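Remarks on the structure that follows.
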Amino acid sequence: MEPNIFKTADIKSTQKRRLLLLLLQKQQRPMTAEDLYEKAKLLVSINLSTVYRNLNTLTEKGVLSRTIRQNGKAYYTFISHVHCHRLICTSCNDIISVESCPLGELQETLEQETGYQILEHSLEFKGICPECRSKK
Ligand SMILES: [Zn+2]
Ligand SMILES: [Zn+2]
């Protein structure tokens with residue numbers, strides 16, 4: 000978690016906001032307020048309207064982005080400024096972010112060899128998480 004995210008966005012760091020961000024960061028996929036509420040309520044006492052209110056604040060401050068999908072529901076995504084890659088379990092869709100990037104050197108070599116200025120890259124690892132492995 001980026002430590003100064005609340006400072007940068009100029010909002011108070013509360014336990015509930017930190018929790019919502021952590022949940023979104025861990026999932027690394029867009030989630031609805033209901034999704035987040037289902038997860039958050041297992042960890043702290045929180046109600047759905049508090050989740051909505053905090054998601055609104057975080058969105059207004061540019062910490063989260065909100066998109067409305069065809070089903071009419073609002074999905075929230077954490078806007079991460081940290082470059083990272085993802086490790087995804089193909090069995091249960093659990094996602095871990097991998098914060099180190101092994102591609103910096105390769106990127107430089109490629110730029111030198113091709114003359115491209117490389118702007119970004121993406122890389123996902125897929126596999127079976129320990130929990131799913133132990134079930135088999
Ligand atoms: Zn799994
Ligand atoms: Zn990378």
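The opening residue of the sequence shown carries number 0 in numbering that gives the first Met the number 0; numbering runs sequentially from there. C-beta atoms are modelled at their ideal positions from N, C-alpha and C, and glycine is treated no differently. Computed from a prediction, not measured in an experiment: that's the story for all the values here.
Under 7 Å between C-beta atoms of residue i and residue j
i	j	result
residue 125	residue 87	yes
residue 72	residue 108	no
residue 65	residue 58	yes
residue 77	residue 35	no
residue 53	residue 16	yes
residue 83	residue 131	no
Residue i: CB within 6 Å of a non-hydrogen atom of ligand 2
i	result
residue 102	yes
Contact test: residue i Cβ vs ligand 1 heavy atom, cutoff 6 Å
i	result
residue 90	yes
residue 83	no
residue 93	yes
Per-residue DSSP class, three states only, for residue i
i	result
residue 4	helix
residue 28	coil
residue 103	helix
residue 119	coil
residue 125	strand
residue 41	coil
Practice task
Tell me the start and end of each unbroken alpha helix (DSSP H) in the region 48 to 99 that is at least 4 residues and wholly inside, in chain order.
Solution key: Counting whole runs of 4 or more residues, the region 48 to 99 contains no alpha helix (DSSP H) stretch at all.
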